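Novice: Next up is a structure, given as C-alpha cells.
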Amino acid sequence: MKRWTETDRRRFDEALSNFDRRQVAASASQFAAAVGDHGGGDAWLEPAVALLRRLQHKGYAPMLLTLAESLLRSGLDRPPIRYLYALALLDQDRVAAAEAILLRMPPEIIRGDADVRSAIGRVHKARYLAGGSPVDLREAIRWYRSTYLDDPPANHYPGINAAAMLRLAAADGTHVEGFARPDSEARSLAAEILARIGPSADQWQLACAVEACLILDQDPFDWLNRYLAHPGVDAFEVNTTLRQFQLLHGLAPDVPPGRQMLPPLRARLLAAGGGWVDLTADVVGSESMRAIDEVLEKNFDDDHFRTTRWLRTALTRCRAVARVETPAGVGVGTGFLLDGRDLAPGLPARVLLTNAHVVPDRLNPGECFASFLGVDDPASRHPLGNVLWTSPVPALDATLLDLPVPPDDSIVPLPVRTAGLADPPVDRAFVIGYPGGRSDVAFSLHDTRLLDYDDRVAHYRTPTEGGSSGSPVFDDEWQVFALHHSGNFNVRKLNLDVGRYDANEGILMSRIRAAVSASFAS
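For the sequence shown, the tail end lands on 541 under the numbering used here, and the numbers increase by one without skipping.
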C-alpha cells in the first residue's frame, strides 16, 4: 500500500522549486496511488488541493490534469478538485470540457461559490474572445457581475472582469439587457472597485487596480509598480495578468499604454522564472527598444529599473541569435554572432558560431543561411561562408563560420564571459534559440539553474527542444558562457558524482576559445 508522508511532501516541493519534472511526476503519481490505496476520503482533500495549487502556480497544467483526473476516480470527487481541474482545462484552451466539469458541480456550489461562478464567467469570456458571440459576452457579464454583487468588498476579480466585458460590449455595439450605457456602467464599476483597494491589497487586488485604471483611462503606473513589487507575484500571476491585459484590453507593444506597460511586465516574468518567452521581430526591433527606454525614464523603484534594464539587455542579445536555415527557409538549428577577435587574433570582426552537427552533418556551408531577428528587414538572410574552424561531435561539437555579408551594425556581437564560472559564481543558465525550428526566437524561464560544470562542459536544467542546437547559453548578466549542444533525460553527473539526472549540456566558451586560439596560433 502506497504511503504519503511529510518527507514525500517536502521532496515534491523541492522538485517543484527545482523544476525537476521527473521527480514532480513521480511524486504526483505516488500521491495519487496513496489516495487510491486508501480509498480517498476527506482527510486527503486538503493535501490534494495543496498539491494541485502548487502545480498550478508553477505552470504544470498537463500534470495537474493527470493528477486531478486520478483523484476524481480515486474517491476524491469533490468540488475543490473539480474547480482546479476546470481551471487547468481552461489554461489548456479546453473550454467545453471545463464548462462540463463546472456545470456538474452541486447546485448549491454553483449558486454560492464565488470562485466557481467566476470560472463559469471565464468560460464565456474565453468563448467570446475566440468567436465573438454576443451570447457569450452577455453570459460572461451576467456571471461576473452577479458574483461581484454577492460580496463586492471581497469579489474584486469578477467585478473588474464584468467592467472589462461591459467595455467590450460598448466597443462592439452589443446590447446587454439591463445596461443602456455599458461604457458608463463599466467606468462606474471600475471606479467603485478602485476606491476599495487600499494599502494592504494583495497581488490580485493590485492587478484589478491596474485594470480599473485602464478602463477609466487613468495613469496605471503607480498601481503597476506596486503590483510588480508584491512578494506574491510570480510567473503564474504575471502570465495571467499579461493575458488579461492583452486579450481584454488590447494592449500592444507599439502603442500606449501597452508600449509602456508590457516591457516591465515581461521583465518581471523574466525575473520570476516559469515559462517560455516567444519574441517576434517587433518585440526586439528598434521601436520596442525605444519603448523600453521610455519605461526606464519613468519613476519605477530601483528593483524594477534594474529588472527592466535587464530585459532590455536580454532583448538586445536576442538580436544577435540567428536561425540557421536551408535555402527553402527550413530551420535546422541556431547560431550566434561573435566578434572573431574575441576568440583569436586575425579572425574577422563578425563570425557565426554553431554546433558542428548543425552544419556539416545536415548542410554544406554555402548552402545555408543565417536569419537574424529584429533587423530593419526581417526577411533578409545572410549566406554562411567558409568554415574558419571546426571541432567534431566527439570533441567540442562547434563550428565557426565566416559571414561574407554580415548583418548591419544594429546587430551587436555577443559578449563572451571571460571569467570562470566560480568567481563570480554562475547559478542560472538562459538558452536563447529557435526551438522546434520556429521562426521567432524564444527562451525558457523554467528552471534556469546551472546544475554543475567541469573544465569542458556545463550542465543546466533549462528546457530545450530540437532546433536549439547551436544556441548561446547566457549567465544572468547576459554574457555567453557555453554553446548548447545536447540534452537528455538520463545524463551522467559530472565530477565523479554518482548517478544520473535530467540535464542539458553546453560546451564551455572558455574551452572553445582556447581551442580556436591554439589552432590559429599553430
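Every residue, glycine too, gets a C-beta built ideally from N, C-alpha and C.
A quick note: this is a predicted structure, and the numbers were derived from the prediction, not measured.
Within the continuous alpha helix (DSSP H) that includes residue 213, where are the two ends?
Specialist: 201 to 215
Novice: Excluding sequence positions up to five away, which residues of its chain have a Cβ less than 7 Å from the Cβ of residue 117?
Specialist: 105, 108, 109 and 142
Novice: Leaving out five residues before and five after residue 489 in sequence, what residues of the same chain have Cβ atoms less than 8 Å from its Cβ?
Specialist: Excluding residues within five positions, the ones whose Cβ falls inside 8 Å are 343, 352, 353, 354, 355, 372, 373, 374, 377, 452, 502, 503 and 504.
Novice: What would DSSP say about residue 30, mapped onto helix, strand or coil?
Specialist: Of the three classes helix, strand and coil, the one that applies to residue 30 here is helix, per DSSP.
Novice: Just to confirm the assignment, what range does the alpha helix (DSSP H) spanning residue 240 have?
Specialist: 240 to 248 is the span of the alpha helix (DSSP H), which, as asked, contains residue 240.
Novice: Which ranges does the alpha helix (DSSP H) cover as unbroken runs of at least 4 residues, wholly within the segment 133 to 168, from first to last along the chain?
Specialist: 133 to 150
Novice: If we ignore side chains and look at the alpha-carbon of each, how far apart do residue 386 and residue 265 end up?
Specialist: 40 Å
Novice: Do you know offhand how far residue 475's Cα is from residue 422's?
Specialist: 27 Å
Novice: Helix, strand or coil for residue 324 per DSSP?
Specialist: Any reading at residue 324 must be qualified, since the residue scores a pLDDT of 49, below 50, and its modelled position is unreliable; no value is offered.
Novice: Using a 10 Å radius around the Cβ and a threshold of 16 neighbouring Cβ atoms, would you call residue 445 buried or exposed?
Specialist: buried
Novice: Give a yes or no on whether 8 Å exceeds the smallest Cβ distance from residue 336 to chain D.
Specialist: Included in the structure is just one protein chain, with no chain D present.
Novice: Please list the terminal residues of the continuous beta strand (DSSP E) segment that includes residue 99.
Specialist: Per DSSP, residue 99 belongs to no beta strand (DSSP E); it is in the alpha helix (DSSP H), 98 to 110.
Novice: Going by alpha carbons, who is nearest to residue 195 out of 239, 69, 164 and 521?
Specialist: 164
Novice: Quick check: what's the CA-CA separation for residue 454 versus residue 242?
Specialist: The alpha-carbon atoms of residue 454 and residue 242 are separated by roughly 36 Å.
Novice: Can you check DSSP and say which residues form a bridge with residue 526?
Specialist: 476 and 502
Novice: Note down the Cα distance separating residue 190 from residue 223, rounded to an integer number of angstroms.
Specialist: Between residue 190 and residue 223, the C-alpha separation is close to 26 Å.
Novice: Helix, strand or coil, according to DSSP, for residue 57 in the structure here?
Specialist: coil
Novice: Bridge partners for residue 408 per DSSP, in chain order?
Specialist: 419
Novice: Between residue 521 and residue 73, what straight-line distance do the alpha-carbon atoms span, to the nearest angstrom?
Specialist: 21 Å
Novice: Kindly indicate which three-state DSSP category residue 490 falls into: helix, strand or coil?
Specialist: coil
Novice: Give a yes or no on contact between the segment 74 to 88 and the segment 42 to 53, applying the rule of three or more CB pairs nearer than 8 Å.
Specialist: Enough Cβ pairs lie closer than 8 Å, so yes.
Novice: For residue 175, which residues in the same chain have their Cβ closer than 6 Å to its Cβ, ignoring the five residues on either side in sequence?
Specialist: 212, 224 and 227
Novice: Who are residue 332's beta bridge partners in DSSP?
Specialist: DSSP, once it has assigned bridges, lists no residue as partnering residue 332.
Novice: When the Cβ atoms of the segment 333 to 341 are set against those of the segment 354 to 368, are three or more pairs found closer than 8 Å?
Specialist: yes
Novice: What span of residues does the alpha helix (DSSP H) with residue 342 cover, start to end?
Specialist: Looking at the DSSP string, residue 342 is not in any alpha helix (DSSP H); the run it does join, the beta strand (DSSP E), is 340 to 344.
Novice: Check whether the Cβ atoms of residue 492 and residue 499 sit closer than 8 Å, and answer yes or no.
Specialist: yes
Novice: Is the number of C-beta pairs between the segment 31 to 41 and the segment 54 to 62 that are closer than 8 Å three or more?
Specialist: They do not touch, by the three-pair rule.
Novice: May I have the straight-line CA-CA distance separating residue 28 from residue 71, to the nearest angstrom?
Specialist: 12 Å
Novice: Compute the Euclidean distance between the alpha carbons of residue 256 and residue 138, then round it to the nearest angstrom.
Specialist: 16 Å
Novice: Less than 8 Å between the CB atoms is what I'm expecting for residue 349 and residue 420, so what's the real figure, rounded?
Specialist: No, residue 349 and residue 420 are not in contact; Cβ-Cβ is about 18 Å, not under 8 Å.
Novice: For residue 270 and residue 168, what's the separation of their Cα atoms in angstroms?
Specialist: 28 Å
Novice: Does the beta-carbon of residue 527 have 16 or more other beta-carbons within 10 angstroms, so that it is buried, or is it exposed?
Specialist: buried
Novice: Leaving aside the five residues before and after residue 193 along the sequence, list all residues of the same chain whose C-beta is less than 7 Å from its C-beta, in chain order.
Specialist: Excluding residues within five positions, the ones whose Cβ falls inside 7 Å are 153 and 156.
Novice: Start and end of the alpha helix (DSSP H) containing residue 264?
Specialist: 254 to 268
Novice: Can you give me the start and stop residues for the beta strand (DSSP E) that residue 390 sits inside?
Specialist: 388 to 391
Novice: By a C-beta neighbour count over all protein chains shown, 10 Å radius and 16 as the cutoff for buried, is residue 347 buried or exposed?
Specialist: exposed
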